[in-house]
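The sequence shown begins at 1 in UniProt numbering and counts up by one. All residues carry an ideal CB built from backbone N, CA and C; glycine is no exception. Heads up, the thing below is written out as structure tokens.
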Amino acid sequence: MTWFDTYTHRAYAEAVMVGLLAGVVGVQVVLRRLAFHAMATTHATFPGVVLASILGIDIYLGGTAFGVLLSVAVLALTRRPGRTASGAIGVVLAAGFALGAVLVAAGPASDRKLSAFLVGSIVTIDSHDLVVTAAVGTVILALLAVFGRELGFAAFDHDGMRAAGHPALGLDLLLLLIVQAVVVVLTPAVGVMLTLALLVAPAATARLWTDSLRRTGVLAGLLGVGSAVTGLELSRHYDVAAGATIALVAAAGFVVSLLVSPRHGALGRLLDRRPETATAPA
Numbered sequence: 001m002t003w004f005d006t007y008t009h010r011a012y013a014e015a016v017m018v019g020l021l022a023g024v025v026g027v028q029v030v031l032r033r034l035a036f037h038a039m040a041t042t043h044a045t046f047p048g049v050v051l052a053s054i055l056g057i058d059i060y061l062g063g064t065a066f067g068v069l070l071s072v073a074v075l076a077l078t079r080r081p082g083r084t085a086s087g088a089i090g091v092v093l094a095a096g097f098a099l100g101a102v103l104v105a106a107g108p109a110s111d112r113k114l115s116a117f118l119v120g121s122i123v124t125i126d127s128h129d130l131v132v133t134a135a136v137g138t139v140i141l142a143l144l145a146v147f148g149r150e151l152g153f154a155a156f157d158h159d160g161m162r163a164a165g166h167p168a169l170g171l172d173l174l175l176l177l178i179v180q181a182v183v184v185v186l187t188p189a190v191g192v193m194l195t196l197a198l199l200v201a202p203a204a205t206a207r208l209w210t211d212s213l214r215r216t217g218v219l220a221g222l223l224g225v226g227s228a229v230t231g232l233e234l235s236r237h238y239d240v241a242a243g244a245t246i247a248l249v250a251a252a253g254f255v256v257s258l259l260v261s262p263r264h265g266a267l268g269r270l271l272d273r274r275p276e277t278a279t280a281p282a
């Protein structure tokens, strides 16, 4: 009997991996202001996952295949003259989610459980899910280690990166595919509706505490793991939905940091604005 033979151990192992992966990748999402794109990706991946489950194939393959097409389509639409990124992504957001809902409704009665993909079910994670998460996470972290400098450059000065001779189109597509892969991996654990919280909140929280890109990545990964594990523990203790609890913990961490972080928090700004006490000359 191994440590992963119980569903509790598998759930905690998955929570650690998806929390770390979402936190680290979320830094790029926050820096590049891709939260709206990430939301569109989560919604538009839904039909790929649903269709794969109905056809009896691996949901990761279905979500990934649909996601690759989605990423290429969004990138092409946003680069056309006279088109805005928000408009293109908004269309994908609505159409993708609507298609997923239609597939769920049109599927066999036994497939109506597919609506569980909306909010996830980390307590039903199996060994296959753990292997996929570990493999995808290793590849993504390796890509970020290799291309992290270029991606960081693009986040702060996209035009400068292009002028410096870096392949802007290739790096943009790489980042979109990385975000898509993370969304697909997170879907069984926290669902398509709640993935955005775990992807954005830890990174946004980390940015409130440090301006260093390297420290932001490390802190975001730790916050992602802490949010996922704490949310899972609270859900077990109070018998509530795990995915929703994880998202609430991540959001709560951001709200608290927004109030108390020393440099960017509301409390820190309030203290900085206190009038200095005038001292009378001797």
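Proximity to residue i [Cα-Cα], best of the options
i           : options                  : result
T45         : A168, Q180 and L34       : Q180
T245        : V255, G23, P262 and S227 : S227
A11         : E150, R236 and A73       : R236
L118        : L196, V72 and T138       : L196
G67         : L177, T8 and L93         : L177
L232        : Y238, V225 and A242      : A242
V104        : L55, L143, V131 and G148 : L55
residue 284 : A106, A206 and A35       : Because the chain is modelled from 1 through 282, residue 284 falls outside the range shown and cannot be assessed.
V30         : L143, L69, L130 and A154 : A154
A145        : T230, P262 and G217      : G217
Residue i, DSSP secondary structure in three states
i    : result
A109 : Unreliable positioning characterises A109 in this predicted model, as indicated by a pLDDT of 45, which lies under 50. The coordinate reading is nonetheless provided below. A109 falls in the helix class under three-state DSSP.
V119 : coil
H166 : coil
D211 : coil
G56  : coil
T263 : Residue identity check: residue 263 is Arg in the sequence provided, not Thr. Of the three classes helix, strand and coil, the one that applies to R263 here is coil, per DSSP.
A282 : Residue confidence is low: A282 scores 44 on pLDDT, short of 50, so the model does not pin down where it sits. Its coordinate-derived value is still stated next. Reduced to three states, the DSSP call for A282 is coil.
G191 : coil
D172 : helix
I140 : helix
M1   : Here M1 scores only 42 on pLDDT, less than 50, and its place in the model should not be relied on; the value that follows carries that caveat. It is coil, neither helix nor strand.
D126 : coil
V183 : helix
T216 : helix
L34  : coil
V68  : helix
T230 : helix
T8   : helix
C-beta atoms of residue i and residue j nearer than 8 Å
i    : j    : result
V27  : A168 : no
V184 : G63  : yes
I122 : E14  : yes
L186 : L198 : yes
L171 : F147 : yes
G96  : H43  : yes
V136 : V25  : no
L151 : L173 : no
V132 : Y60  : yes
L234 : V249 : yes
L69  : T41  : no
Supposed contact pair residue j and residue i - C-beta distance, whole angstroms, cut 8 Å
i    : j   : result
A52  : D58 : 6 Å
V92  : A73 : 7 Å
T138 : Y7  : In fact, because the Cβ distance is near 24 Å, the residues do not count as touching under 8 Å.
Cβ of residue i within 8 Å of any chain B Cβ
i   : result
A94 : No chain B is part of this structure, which consists of one protein chain only.
>> For the pair the segment 203-222 and the segment 174-193, tell me if three or more CB-CB distances fall below 8 Å.
In response: no
> Taking contact to mean at least 3 C-beta pairs separated by less than 8 Å, is the segment 41-56 in contact with the segment 98-108?
Replying inline: yes
> Between the segment 17-27 and the segment 216-233, are three or more C-beta pairs nearer than 8 Å?
Replying inline: yes
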